[in-house]
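Residue numbers (my numbering): 42 to 173.
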């Protein structure tokens, strides 16, 4: 019998409490409008188009400021997902940035966010702590 290998999750050692988000992949997905309803320090994912400076045009067309860090290299353009901590109602400090290229459909993604927030099904998308 071959022993099955366990999947090893990416760990982030520098920021306490962040590793669990990478292990589970569960964090709130937000757009510019919903960012203001999330508590400062919470970990969120935002998808949008990089604009001049440290700004992302989120999937709903609103702007979110990106707090510059020494540990993250931002792509020069394109559509990205930023996993980061909420600094205030209009800014996120990135922990991880993933480039989605130029052909990602932001309109469909915004539709997904709308479905995820629908009270009839939102429990299906809630992190386990929120369901307890």
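Glycine included, each C-beta is placed from N, C-alpha and C at the ideal position. Bear in mind that the values here come from a model prediction, so they are computed numbers and not experimental data.
query, result
"Can you give the Cα-Cα distance for residue 172 and residue 164, rounded to whole angstroms?", "Because the pLDDT at residue 172 is just 39, under 50, the model does not fix this residue reliably, and the value given afterwards should be weighed accordingly. If you take the alpha carbons of residue 172 and residue 164, they lie about 7 Å apart."
"Return the CA-CA distance between residue 147 and residue 103, expressed in angstroms with no decimal places.", "12 Å"
"Let me know if residue 142 comes out buried or exposed under the rule of 16 or more other beta-carbons within 10 Å of its beta-carbon.", "exposed"
"Use the C-beta contact count for residue 160: other C-beta atoms within 10 angstroms, 16 or more gives buried, fewer gives exposed.", "exposed"
"Assuming residue 138 and residue 120 make a contact with CB atoms under 8 Å, what is their CB distance in whole Å?", "Between residue 120 and residue 138 the Cβ distance is about 11 Å, and since that is not below 8 Å, they are no contact."
"Determine the DSSP secondary structure at residue 155, reduced to helix, strand or coil.", "helix"
"Anyone know if the C-beta pair for residue 105 and residue 79 falls short of 8 Å?", "no"
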